[in-house]
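See structure below.
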């Protein structure tokens, strides 16, 4: 009867809350006083049961199990988590994280519902810990030492589902408690939580493996002491084996741990590579799990950082093609991470040609149109690397890369700077065999390519090459054809290109020409001032004549020169 009563009350409360949500839309159902009062009564009743059912008797254990189950179901609702916590549920749950003592000292018979009550409490606390404001409250209530002990339950020799469940829920609770909380990450290490978590990586149950790896992943993030201890506990060999798991959840968590260990830790990066991580990470670029692909691309980008000597090894082992394929994924994060990895790889001279040869150039250029600033910058940085190789320059020009770089809208200043440096790098390459290749394309390529080439050369070529390009190579004719086109865009492009060419020529002339001589000054003696006999110009001002000299007026002012040239008129009379 008690079981039916609890279930009925829980269903009734849940149904009433759902009705409130339906009536009020997204408004909090708990804004209704009667619903809040009923919830508080419900939670308080179950907390009272937990605080009183502390023995190992079957009745107490059964009551505790039912109360924990109801509280866990309620804790799944974020909207009411704060109300549950305010009802002092945390200390009550923490009190049941450890098994009660037997009723009779020395009694070794199994405790009723052993592991199940503890599992439920760990699950409920983990759900409440999703909210950052509850994390410290749960730790202050003394949960961590008990959760760490639960991680060791499997050592008793029992391999039941209940044992697996309590171990997994304890690891999950630690994950949620430590999420983005540096103090709690440190507390977990101090309480001895890392060694048993590393041990659980070898657990036969894959769900437990995933949970343990997830906890280690969280603990390793931006915590150097935790990273060091994870490595010292010899976690790397098992993590690398997990990378090869066919279970996507297992290899996703494993690569997440390795990624967090490697981040900003050059020494651990070396250890990971020496332990044989490179090939399985590259293989995960083809995982059916997009999150694993993303983590693999990010990790390869970290392996290929400036202080690493394995850029060439990554390419040789087959990473380039799957990374290029990921550039065209509908998942923006996949595109971002693959562009990041290719950008790092493109800082190696030989890799630059390989990335372009495998079709990486056009997808990277398309990513410049992205509104995602990070994605756009990663693509721009990768193109900056590709532009360093002479073998890529003509291809970059041929596919319209110069126009894309010139006309793009770039969000962040670092991206704008990167694009400017790429164009400068291309400009410096336009000579020798690169120029010859471009001139060849101007002669034999299809018309659209010829136009892209001549427009790019108008902006990038040096003055000394203008004649060979635009006169001997007939580039000027191509520009004039564009100018006469019916396409407004073609006309604009040609006008800007011609203006650019003219500016180059003019700037050269201005710089190299001799300085202008000063304007000559003319001085006549006093006898020439207002002398009717010697003057050759007469002004009539307010009825009076004033006699002047043309040569002096011309030398004295632009206005007088314009007047005598007929290009200036004022309300005076020249007689």
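Numbering (the UniProt record's numbering), first residue to last: 1 to 575.
Note that the Cβ used here is the ideal one computed from N, Cα and C, for glycine as well.
All values derive from a computational prediction rather than experimental measurement.
Between the alpha carbons of residue i and residue j, how many angstroms are there, rounded?
i           : j           : result
residue 277 : residue 265 : 16 Å
residue 208 : residue 167 : 7 Å
residue 42  : residue 84  : 10 Å
residue 398 : residue 297 : 29 Å
residue 474 : residue 269 : 55 Å
residue 179 : residue 299 : 21 Å
residue 100 : residue 70  : 21 Å
residue 152 : residue 44  : 32 Å
residue 272 : residue 231 : 9 Å
residue 132 : residue 262 : 26 Å
residue 104 : residue 58  : 14 Å
residue 342 : residue 310 : 13 Å
residue 459 : residue 353 : 24 Å
residue 160 : residue 291 : 31 Å
residue 381 : residue 301 : 13 Å
residue 274 : residue 303 : 12 Å
residue 76  : residue 389 : 56 Å
residue 113 : residue 229 : 35 Å
residue 199 : residue 294 : 27 Å
residue 121 : residue 348 : 53 Å
residue 344 : residue 79  : 44 Å
residue 463 : residue 422 : 20 Å
residue 492 : residue 407 : 12 Å
residue 150 : residue 98  : 8 Å
residue 379 : residue 437 : 26 Å
residue 109 : residue 68  : 23 Å
residue 502 : residue 221 : 57 Å
residue 578 : residue 330 : Within the shown structure, residues of the chain are numbered from 1 to 575, placing residue 578 beyond reach of any answer.
residue 142 : residue 288 : 41 Å
residue 465 : residue 318 : 41 Å
residue 410 : residue 346 : 21 Å
residue 117 : residue 49  : 13 Å
residue 213 : residue 187 : 18 Å
Whose C-beta lies closer than 6 Å to the C-beta of residue i among residues of the same chain, with five residues either side of it excluded?
i           : result
residue 247 : 206
residue 195 : 233
residue 358 : 320, 321 and 324
residue 578 : No information on residue 578 is available, as it lies outside the stretch 1 to 575 that the chain covers here.
residue 494 : 479, 482 and 483
residue 244 : 280
How far does the alpha helix (DSSP H) with residue i in it reach, from first residue to last?
i           : result
residue 240 : 236 to 243
residue 175 : 161 to 178
residue 131 : Per DSSP, residue 131 belongs to no alpha helix (DSSP H) and is neither H nor E.
residue 389 : Element bounds for residue 389: n/a, residue is neither H nor E.
residue 357 : 349 to 357
residue 82  : 81 to 86
residue 418 : 413 to 429
residue 369 : Element bounds for residue 369: n/a, residue is neither H nor E.
residue 187 : 182 to 190
residue 402 : 401 to 407
residue 154 : It is not in any alpha helix (DSSP H) - residue 154 carries neither H nor E in the DSSP assignment.
residue 282 : 278 to 283
residue 93  : 89 to 94
residue 250 : 248 to 262
residue 272 : 266 to 274
Which same chain residues end up closer than 7 Å to residue i when comparing Cβ atoms and leaving out the 5 residues on each side of it in sequence?
i           : result
residue 461 : 430 and 469
residue 375 : 332, 335, 336, 339 and 367
residue 356 : 386, 392 and 395
residue 210 : 249, 250 and 253
residue 185 : 178, 219, 223 and 226
residue 452 : 397, 398, 400 and 403
residue 238 : 201 and 202
residue 215 : 171, 174, 175 and 197
residue 135 : 129, 177, 181 and 184
In its own chain, which residues sit with a C-beta less than 8 Å from the C-beta of residue i, not counting the 5 before and 5 after it?
i           : result
residue 138 : 90, 94, 125, 128, 129 and 177
residue 364 : 327, 339, 342, 379, 382, 383 and 386
Whole alpha helix (DSSP H) runs in the UniProt repeat "ARM" (192 to 227) with 4 or more residues, listed along the chain? 194 to 200 and 206 to 220
Complete runs of the alpha helix (DSSP H) confined to the region 432 to 510 [at least 4 residues]: 432 to 444, 447 to 460 and 475 to 483
For the region 29 to 85, list the alpha helix (DSSP H) runs that are entirely contained and at least 4 residues long, ordered along the chain. 33 to 52 and 58 to 75
4 or more residues per run - each alpha helix (DSSP H) lying fully within the region 286 to 349: 290 to 303, 311 to 316, 320 to 326 and 332 to 345
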